[in-house]
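K.L.:
Following this note's numbering, the numbering of the sequence shown begins with 18 at its first residue and continues without gaps.
All residues carry an ideal CB built from backbone N, CA and C; glycine is no exception.
If you scroll down you'll find the structure; I have some questions about it.
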Amino acid sequence: MPDTTLKTHPGEFTCLAFSLDGTRIYTGEKENVLRAWELTKDDRGGATDIESNGGINCVAASVDCWLAASGDGVVRRYKKHETLLEGVVAAGALSARCVAVNPSSKFAAVGSDDLFLILVDLNDTLNLQKVEAHRKAMRQITWHPKEHLLTTSGCDGEIIVWDTSDKTPTKLQHLPLLPTITDTTIKEFLFDCSAVWHPSGDYFFVASRSRSVVSVRRSDWKEDRTYVNTKRSGPVTALAVSPNGAYLATSNQSKPPAIDIWDIASHKIIISHDSQTPNSGFVHRLAFSPIANLLAWVMSDGTFEILPDAIPKSHPDPIAPVVVVPVAKKLPEKAMDEVLTDFNALNDLVDDGDDTEDGPAPIDVDLEETDDEDDNENRIREMGKLSFLTCDSDSYAFVVNVTKAQPPFQPGETPLSQTKRFLTINGLGYIESTAVPALAEEQEHKFIEVKLFNESKRKSIKFRDDVGYNLGYLGERGVVFGSSSEPSQVLFKPYLEDSALSDWTYTPSSHILGITAGGFPPRGSTRNANDTDVDGFGNVVVATVDGALIFLSGTGRERRIIGLGGDVVTMVAGHEWVFVVHRAGSTTIDGFQNLSYSLINFEDFSVRQRGFLPLPKKATLKWVGITEEGAPAMFDTTGRIHVLTKFRVPHHASWARIMDTERLERKKGKDESYWPISIFGSTLLCFILKAGLFPSFGQDPYPKNPLPPPQELPIEMPFTSENRAEEKLERNAILVEIMRDGLDDELTSAEITKAEQSMDKDLVLLIQGACKLNQTARAIELAKLIHNPLFLDSVIKIAHFYKFEGLMEKIQALKSIREVEEEDRLVLAREKRRQWTRQDPLPRPLADHGYASSSAPTNAFQNFAPPPAISRPGLAPAIPVKETTRFAALMDDPAAFVPETKRKRDDLEDFSSSQDIAMPPPKQKVNPFARKNGTDAKRNPFGTKGSSNRIEKSDSFFEKVDAAEDAPKTKRGPKAKEKKEGPKQTTLFGMLSSSRKSKLSESETAVESQDSDVSMLDASSVIESQPDLPEEWEETQPIDME
């Protein structure tokens, strides 16, 4: 390398800046010397000394001037390309550390040791703004190349992003990326800690505290890529970006000092340059020339070096425009149909092409019937739908712009702000993580504190974090932490006074994406271990990058590993299940995230529900949680809240939109956003984030430390109707439906009854309004929704007042039905709940039903017997039961059908059985149902005409009854001993024992009925004729039928 060293006066510090036209290099020294180096054609030039008061800390160039910030607190202005002092831009009591001019050269930003940021109008220095910035002295200032954004770096280790579009600058983001500096006299204070913006403005580079260069995205202010040279030791001391944004120059604190040139696109070092003065300290300022392939730097001992041809000629020039392959732009709203049409047109053109001997013919994309291939390609690119990437010499590939997939996140987490971030925020409390910088005695670590809103039941937790936990979740029974770095680790801490004995850790085999913990809420305090002996510590679920859900018990026991088959985005746990949001495939071309959910039970790991999340186009998921009633809820970037209803009924769940924060009445005329915490009943607990505190250009707003007080917002369903009563009615209906699905064997609960009464009152008011508007159909529709039939009386009065007679009749009929079915309504709902939770029995093999005996052959084709009857008690017909108690009336059984094959009864048996009956005539009593002699049958209104098909009873039976009536009445003799004879199947009376026959024959009385074949006995005669039964007689003693 040729000699390029230009020695300045000896000193400990110099600063460097190119003029905007690239013809000058301005340097400053701590010895009150400013130098303006004029570059000639051979990139070598002379120097002009300019005396200044105080040490020079920083120089900056503008269109028509250049500025110098000195240690005496004054920022001076010098004329362009000249050494003439034009005036003072700003002056302060403390040292001015840094100065920068915005791209339009209208404003200058000044930072000093007085902890304030000053914005000065270069055309009118009296017009300035002064705002409080860092907690310690400011070190560097840089401007965004295109927008009104300003970044400041301070000794407190933070980079603050400012929005200067308004009169007063506002803070947009705090990025704790830098090491903390406590003394401005140490050498680390001289390191370049500025946020060096890429010319595109999409990201900036910074030397982080991890001794590497990181790029931070402008879209979400998160780290994107890391640039580390493992061959270099020590922290990064300086960095610069080429004018075309293709190269990054970095330098480390190493011996000898060297500069590494990175290709930003390939993320590789293309060349390294060693300093010509190896013992000159370290490089702390780097700069590319805006007009030539030239790199300049200064060192801590005052050495100033210029390197021509810093980029090898084999690579593009650092000032030449970068040839970038056009990437697909975002699809316009109506471009989907056009994309499909163009795909079909291109496919048709490819199919029509002729193949050559060397391979497929080149694709001639001719959408406008022209032979100019470049015009066709440009036309497609301008449409923003397709772009061409050369894959090989014979083919082309079409690349379609797809939606960026939403990364995994924990519910309620926030990004790092200053040195603090929240790992989670929910209805129980929040987890705060504080980064503690490295000191001389100890390494860098974190301090984690769990703060609960109600500490009467649970104990707060504080501990030092040396692992680096970046995930957290507050459960009902304990707190779970996770580290997604290598190696991954899970830590669970229950809410106990002495939780060290119950803490446990778990190390999964792959990286962690998310964690959650569920369990039943404690009935009392969890500070004592005895309170959790029965319910335990709940359940813990860990999601990993390989698509696995690991279920652990509250004591760390592995229970199940479920393969999810997709990428987990987030998850939240309830009392009895875990709600997992995942992506089974990729995002769609038209802007949908394509997220799904699964509701998995803790008890048996069954999937109770599954489906898609109702995310609209170009929206992302912002929060998931659980309502007080146990229903899953979600909140997206469009401001809509959905609740999953009927989640306890398999395959019946649906998402109900219960709120749209963008349509709230309170938001009219206000610029505010909402951060959900929890939902209970009809109330949303959230943080209200005011405008001016958070960015308004693309990234989500987050609550910051200290947290604002949570506020309650009433939930309002986004109905277009202005009738709030109808909206309240449907909102309460959803709430009652969720509570009723949670019942077990109870018919109802006090909460449900109270909610139904409130709904009935609202329904009566709505019916009154419908009657007032002469809408009887609406009134009937609303009346059917009333739960308590007593409220229908008020509806009848309303109909009577408005003289709706037809409506009154319908409401009265409805009331009659409701009074009968009120109890049936609740019972039917309970049976329906049981039906959904009832499991089907396992199928049994055919042999269990007795198709063949054990000795029968096992070949199924050899058994031609009919299958056995299956017992179905629910389908069996009703069978009459013969009453055998002593209080039962002895009535004649109807004659049964006797088949012809029945054996004929012997005459001897008939005769003997008839001789056993000797019944005295009963007392003559009036039978109101007996047919009188000489009466006309037509006078009997209940009489029926004879039918030819009527089954007549046998004459023998009635002859015996007549004989019994005509027999003389005898006195009842002493009780004789019963004969133990075997019963015979003779007649109806022969079915009883001989002793019972004699006793019953004395008291039985036959009475004729009206044109009926059934004999009836008078009640008094039955009572008087009850036989004296033996002591061993039982009321339910069966009759021996043998």
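Whole angstroms are fine: how far does the CA of residue 86 sit from the CA of residue 116?
P.N.:
Here residue 116 refers to the residue found at position 99 of the sequence shown. Here residue 86 refers to the residue found at position 69 of the sequence shown. Roughly 6 Å between the two C-alpha positions.
K.L.:
Looking only at its chain, what residues have a beta carbon closer than 8 Å to the beta carbon of residue 364, apart from the 5 residues adjacent to it on each side?
P.N.:
For the purposes of this step, residue 364 is taken as the residue at position 347 of the sequence shown. Caution is warranted here: a pLDDT of 48 is assigned to residue 364, below 50, making its placement in the model unreliable, and the coordinate value is therefore given only provisionally. The answer is none, since no qualifying residue turns up.
K.L.:
Could you give the DSSP three-state label for residue 668: helix, strand or coil?
P.N.:
What you label residue 668 is simply residue 651 of the sequence shown in a count that begins at 1. Looking at residue 668 - three-state DSSP - the assignment turns out to be coil, as it is neither helix nor strand.
K.L.:
Straight-line CA distance for residue 431 to residue 720?
P.N.:
In the sequence shown, the residue the question calls residue 431 occupies position 414. In the sequence shown, the residue the question calls residue 720 occupies position 703. Approximately 7 Å between the Cα atoms of the pair.
K.L.:
Whole angstroms are fine: how far does the CA of residue 605 sit from the CA of residue 615?
P.N.:
Working through the sequence shown from its first residue, we reach residue 615 at position 598. Working through the sequence shown from its first residue, we reach residue 605 at position 588. Residue 615 and residue 605: Cα-Cα distance of roughly 20 Å.
K.L.:
Residue 271 and residue 251 look like a contact to me (Cβ under 8 Å); what is the Cβ gap, rounded to whole Å?
P.N.:
As a first step, residue 271 must be located in the sequence shown, where it is residue number 254. As a first step, residue 251 must be located in the sequence shown, where it is residue number 234. That pair is a contact at about 5 Å.
K.L.:
Would you decide whether residue 1060 is buried or exposed? Buried here means 16 or more other CB atoms lie within 10 Å of its CB.
P.N.:
The chain is shown only over 18 to 1059; residue 1060 falls outside these bounds and no answer can be derived.
K.L.:
Report all residues from its chain with a CB closer than 7 Å to the CB of residue 112; omit the five preceding and five following residues, and keep chain order.
P.N.:
Here the question's residue 112 lines up with position 95 in the sequence shown. Correct list, in chain order: 74, 88, 90, 129 and 130.
K.L.:
Look up residue 302 in the DSSP assignment and say whether it is helix, strand or coil.
P.N.:
Residue mapping note: residue 302 aligns to position 285 of the sequence shown, counting from 1. Three-state result, residue 302: strand.
K.L.:
Is the separation between the beta-carbon of residue 100 and that of residue 34 shorter than 8 Å?
P.N.:
Within the sequence shown, residue 100 is the residue found at index 83, counting from 1. Within the sequence shown, residue 34 is the residue found at index 17, counting from 1. For residue 100 and residue 34, no; Cβs fall outside 8 Å.
K.L.:
Compute the Euclidean distance between the alpha carbons of residue 676 and residue 479, then round it to the nearest angstrom.
P.N.:
In the sequence shown, counting from the first residue as 1, residue 676 sits at position 659. In the sequence shown, counting from the first residue as 1, residue 479 sits at position 462. Using only the alpha carbons, I get a separation of about 37 Å.
K.L.:
Rounded to a whole number of angstroms, what is the C-alpha to C-alpha distance between residue 818 and residue 691?
P.N.:
Numbered from its first residue, the sequence shown carries residue 818 at position 801. Numbered from its first residue, the sequence shown carries residue 691 at position 674. Each residue's Cα considered, the two are about 47 Å apart.
K.L.:
Could you give the C-beta distance for residue 79 and residue 118, rounded to a whole number, given that I count them as a contact under 8 Å?
P.N.:
As a working note, residue 79 is residue 62 in the sequence shown. As a working note, residue 118 is residue 101 in the sequence shown. That belief holds up - the Cβ atoms of residue 79 and residue 118 are roughly 5 Å apart, short of 8 Å.
K.L.:
Would residue 175 pass as a contact of residue 161 if the rule is Cβ separation under 8 Å?
P.N.:
Along the sequence shown, one-based indexing puts residue 175 at 158. Along the sequence shown, one-based indexing puts residue 161 at 144. For residue 175 and residue 161, no; Cβs fall outside 8 Å.
K.L.:
With a cut-off of 8 Å, do at least 3 Cβ pairs link the region 586–595 to the region 617–625?
P.N.:
Yes, they touch.
K.L.:
Can you check which of these residues, 309, 316 and 337, is closest to residue 326 by C-alpha distance?
P.N.:
The residue given as residue 326 occupies position 309 in the sequence shown. Ranking 309, 316 and 337 by Cα distance to residue 326 puts 309 first.
K.L.:
Could you tell me how far apart the beta carbons of residue 554 and residue 536 are, in whole angstroms, since I believe they sit closer than 8 Å?
P.N.:
Taking the first residue of the sequence shown as 1, we reach residue 554 at position 537. Taking the first residue of the sequence shown as 1, we reach residue 536 at position 519. The Cβ separation is near 7 Å, so the contact holds.
K.L.:
I believe residue 214 touches residue 428 by the beta-carbon criterion, under 8 Å. Please report the beta-carbon distance rounded to the nearest angstrom.
P.N.:
As a first step, residue 214 must be located in the sequence shown, where it is residue number 197. As a first step, residue 428 must be located in the sequence shown, where it is residue number 411. With 8 Å as the limit, residue 214 and residue 428 do not qualify as a contact, their Cβ atoms being about 34 Å apart.
K.L.:
Once DSSP output is grouped into helix, strand and coil, what is the label at residue 571?
P.N.:
Here residue 571 is taken as the residue at index 554 of the sequence shown, counted from 1. Three-state result, residue 571: coil.
K.L.:
Would residue 637 pass as a contact of residue 660 if the rule is Cβ separation under 8 Å?
P.N.:
Taking the sequence shown and counting its residues from 1, one reaches residue 637 at position 620. Taking the sequence shown and counting its residues from 1, one reaches residue 660 at position 643. Contact: no.
K.L.:
Identify which residue in 253, 667, 654 and 653 has its Cα closest to the Cα of residue 624.
P.N.:
The sequence position of residue 624 within the sequence shown is 607, counting from 1. Nearest in C-alpha terms to residue 624, of all of 253, 667, 654 and 653, is 667.
K.L.:
In terms of residues, what are the limits of the beta strand (DSSP E) holding residue 31?
P.N.:
Residue mapping note: residue 31 aligns to position 14 of the sequence shown, counting from 1. Run containing residue 31: 31–35, per the beta strand (DSSP E) assignment.
K.L.:
Using DSSP with H/G/I as helix, E/B as strand and the rest coil, what is residue 677?
P.N.:
The residue you call residue 677 lines up with position 660 of the sequence shown. Residue state, collapsed to three classes: strand.
K.L.:
At a cut of 8 Å, does the region 769–778 reach the region 732–740 through at least three beta carbon pairs?
P.N.:
no
K.L.:
For a quick check, are the C-beta atoms of residue 208 and residue 168 less than 8 Å apart?
P.N.:
Position 191 of the sequence shown holds residue 208. Position 151 of the sequence shown holds residue 168. Contact: no.
K.L.:
Taking only the alpha-carbon atoms, compute the straight-line gap between residue 440 and residue 489 and give it to the nearest angstrom.
P.N.:
Sequence index remark: in the sequence shown, residue 440 carries index 423 (1-based). Sequence index remark: in the sequence shown, residue 489 carries index 472 (1-based). A straight line joining the alpha-carbon of residue 440 with that of residue 489 spans about 5 Å.
K.L.:
Closest to residue 607 by C-alpha separation, out of 93, 422, 164 and 511, would be which residue?
P.N.:
If you number the sequence shown from 1, residue 607 lands on position 590. Here the closest residue by C-alpha is 422.
K.L.:
Whole beta strand (DSSP E) runs in the region 480–562 with 3 or more residues, listed along the chain?
P.N.:
488–491, 495–500, 506–511, 521–523, 529–535 and 556–561
K.L.:
Residue 277 lies in the beta strand (DSSP E); which residues open and close that run?
P.N.:
Taking the first residue of the sequence shown as 1, we reach residue 277 at position 260. Start and end: 275–280.
K.L.:
Decide yes or no for the touch test of the region 776–784 against the region 805–819: beta carbon pairs closer than 8 Å, at least 3 of them.
P.N.:
yes
K.L.:
Return helix, strand or coil for residue 440, following the three-state DSSP convention.
P.N.:
Position 423 of the sequence shown holds residue 440. Strand.
K.L.:
Whose C-alpha, out of 165, 172 and 198, is nearest the C-alpha of residue 189?
P.N.:
For this step, residue 189 is matched to residue 172 along the sequence shown. For the residues 165, 172 and 198, the minimum Cα distance to residue 189 belongs to 165.
K.L.:
Determine the DSSP secondary structure at residue 329, reduced to helix, strand or coil.
P.N.:
Against the sequence shown, residue 329 aligns to sequence position 312. Looking at residue 329 - three-state DSSP - the assignment turns out to be coil, as it is neither helix nor strand.
K.L.:
Just checking my contact of residue 706 with residue 689 at CB under 8 Å: how many whole Å lie between their CB atoms?
P.N.:
For the purposes of this step, residue 706 is identified with residue 689 of the sequence shown, where counting begins at 1. For the purposes of this step, residue 689 is identified with residue 672 of the sequence shown, where counting begins at 1. That pair is a contact at about 6 Å.
K.L.:
Shortest alpha-carbon distance to residue 701 belongs to which of 729, 686 and 725?
P.N.:
On the sequence shown, residue 701 is found 684 positions in, with the first residue counted as 1. It is 729 whose Cα lies nearest to the Cα of residue 701.
K.L.:
Buried or exposed, going by whether 16 or more other CB atoms sit within 10 Å of the CB of residue 386?
P.N.:
Taking the first residue of the sequence shown as 1, we reach residue 386 at position 369. Only weak support is given to the placement of residue 386: the predicted model assigns it a pLDDT of 38, under 50, and the value that follows is read from those uncertain coordinates. Under this definition residue 386 is an exposed residue.
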